[in-house]
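Each remark here refers to the structure printed beneath this line.
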Ligand SMILES: [Zn+2]
Ligand SMILES: [Zn+2]
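Residue numbers (the working numbering): 131 to 469.
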């Protein structure tokens, strides 16, 4: 539990009891991602005091009155579930227009209310989804997958598009598979980190190409010279020096997607003439509100594999070590807290 940015402790708290429409979930695993590093610094809409954890898998422990799951069926104690942390206010102009992911009053379990880095978490029943039959080590990727499913909606149609994803972290590995599943003509994943590329080698099975940026002398000009340019170029790093160079990889008329979470204070330099002359489209994609069913359907269809991507598992008491591993360990791929 954080009381302020960078200041946290592991504390004993009373187990919360579910109110009307709420579900008490006993957490079995909660994934960490770059967002948690931003929350640690007080960014990304963090609301203190805060227990983070927005990628939560668990078991239904108790139900408040009238708690049904996100697909409107009854939940039962002992059921294996995942939690959609995101909700919208249902009252602003964007919610009225059926674009709740643009909501001005967006709220997140694990950023605005207590999240899954705890033994128990409360969630509205409508944000709890049945995950029975899905392996826990895959289910822990449900939230990042739902965010990607939302991006796939926005990029639709992808048929005939060549796509490159820059950054082979867990998000890049998921993106690559969702793009292939959504019908992209070809997908290329690039990263200079050989450990991450090696873990992603299984993607070659689904017809994607995994390339080492250093192989092409580390520059996007050379990558474009060797592998061609792409209709869609997606940043999954959040690194300003990478984002700045994305136009080098784009075909004329191409789309650039800012998907990795950049520091709020980061700034980049762009050539407006290049964007104008080559009719480039720059788009962001932030999160999702209603894409959990799509993500879980892709899992159940066998379209997504994450074997070997979880490299580090820590109990709650080692939260500080887990954060440090995520931040600095080059051999850390997905880091998971297992209360
Ligand atoms: Zn995340
Ligand atoms: Zn709203």
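Glycine included, C-beta positions come from ideal geometry on N, C-alpha and C.
Residue i and residue j look like a contact to me (Cβ under 8 Å); what is the Cβ gap, rounded to whole Å?
{"i": "residue 155", "j": "residue 188", "result": "4 Å"}
{"i": "residue 332", "j": "residue 435", "result": "7 Å"}
{"i": "residue 452", "j": "residue 467", "result": "6 Å"}
{"i": "residue 276", "j": "residue 425", "result": "4 Å"}
{"i": "residue 152", "j": "residue 238", "result": "In fact, because the Cβ distance is near 16 Å, the residues do not count as touching under 8 Å."}
{"i": "residue 241", "j": "residue 184", "result": "6 Å"}
{"i": "residue 162", "j": "residue 446", "result": "With a Cβ gap of about 12 Å, residue 162 and residue 446 do not count as contacting."}
{"i": "residue 290", "j": "residue 315", "result": "5 Å"}
{"i": "residue 245", "j": "residue 206", "result": "That pair is no contact at about 23 Å."}
{"i": "residue 311", "j": "residue 433", "result": "4 Å"}
Distance, Cα to Cα, residue i vs residue j?
{"i": "residue 131", "j": "residue 194", "result": "25 Å"}
{"i": "residue 159", "j": "residue 191", "result": "15 Å"}
{"i": "residue 392", "j": "residue 370", "result": "7 Å"}
{"i": "residue 379", "j": "residue 182", "result": "36 Å"}
{"i": "residue 407", "j": "residue 313", "result": "29 Å"}
{"i": "residue 261", "j": "residue 200", "result": "11 Å"}
{"i": "residue 136", "j": "residue 172", "result": "8 Å"}
{"i": "residue 347", "j": "residue 409", "result": "With a pLDDT of 44 at residue 347, under the threshold of 50, the predicted position of this residue should be treated as unreliable, and no value is reported."}
{"i": "residue 148", "j": "residue 177", "result": "21 Å"}
{"i": "residue 460", "j": "residue 323", "result": "8 Å"}
{"i": "residue 145", "j": "residue 249", "result": "9 Å"}
{"i": "residue 133", "j": "residue 264", "result": "35 Å"}
{"i": "residue 402", "j": "residue 387", "result": "16 Å"}
{"i": "residue 252", "j": "residue 353", "result": "47 Å"}
{"i": "residue 222", "j": "residue 234", "result": "7 Å"}
{"i": "residue 383", "j": "residue 230", "result": "28 Å"}
{"i": "residue 357", "j": "residue 301", "result": "22 Å"}
{"i": "residue 226", "j": "residue 420", "result": "15 Å"}
{"i": "residue 278", "j": "residue 349", "result": "27 Å"}
{"i": "residue 319", "j": "residue 355", "result": "16 Å"}
{"i": "residue 215", "j": "residue 441", "result": "24 Å"}
{"i": "residue 212", "j": "residue 458", "result": "28 Å"}
{"i": "residue 210", "j": "residue 266", "result": "9 Å"}
{"i": "residue 228", "j": "residue 220", "result": "9 Å"}
{"i": "residue 198", "j": "residue 283", "result": "26 Å"}
{"i": "residue 281", "j": "residue 196", "result": "32 Å"}
{"i": "residue 170", "j": "residue 138", "result": "9 Å"}
{"i": "residue 208", "j": "residue 142", "result": "23 Å"}
{"i": "residue 203", "j": "residue 418", "result": "21 Å"}
When you compare the CB positions of residue i and residue j, do they come within less than 7 Å of one another, or not?
{"i": "residue 422", "j": "residue 259", "result": "yes"}
{"i": "residue 381", "j": "residue 463", "result": "no"}
{"i": "residue 218", "j": "residue 247", "result": "no"}
{"i": "residue 398", "j": "residue 375", "result": "no"}
{"i": "residue 303", "j": "residue 309", "result": "no"}
{"i": "residue 449", "j": "residue 415", "result": "no"}
{"i": "residue 469", "j": "residue 157", "result": "yes"}
{"i": "residue 335", "j": "residue 327", "result": "no"}
Between which two residues does the alpha helix (DSSP H) carrying residue i extend?
{"i": "residue 275", "result": "272-285"}
{"i": "residue 266", "result": "266-269"}
{"i": "residue 453", "result": "449-458"}
{"i": "residue 303", "result": "300-311"}
{"i": "residue 404", "result": "402-407"}
{"i": "residue 331", "result": "First-last for residue 331: undefined, no H or E at that position."}
{"i": "residue 252", "result": "Not the alpha helix (DSSP H): residue 252 falls in the beta strand (DSSP E), residues 250-254."}
{"i": "residue 356", "result": "350-357"}
{"i": "residue 422", "result": "422-430"}
{"i": "residue 226", "result": "223-226"}
Let's see if you can read the secondary structure: which residues bound the beta strand (DSSP E) around residue i?
{"i": "residue 185", "result": "185-193"}
{"i": "residue 389", "result": "Run containing residue 389: none; DSSP gives neither H nor E here."}
{"i": "residue 204", "result": "Element bounds for residue 204: n/a, residue is neither H nor E."}
{"i": "residue 413", "result": "411-414"}
{"i": "residue 467", "result": "464-467"}
{"i": "residue 395", "result": "Note, residue 395: premise wrong, no beta strand (DSSP E); not H, not E."}
{"i": "residue 160", "result": "152-162"}
{"i": "residue 443", "result": "440-444"}
{"i": "residue 296", "result": "292-296"}
{"i": "residue 321", "result": "316-321"}
{"i": "residue 134", "result": "132-134"}
{"i": "residue 364", "result": "360-365"}
Residue i: beta carbon under 6 Å from a heavy atom of ligand 4?
{"i": "residue 358", "result": "Inclusion of ligand 4 in the displayed structure is not the case, the ligand content consisting of ligand 1 and ligand 2 alone."}
At the 7 Å Cβ level, is residue i part of the contact set with chain B, yes or no?
{"i": "residue 303", "result": "The structure shown contains no chain B, having only a single protein chain."}
Item to check | Touching by the beta-carbon criterion (3+ pairs, under 8 Å), the stretch 360-376 and the stretch 278-296 | outcome: yes
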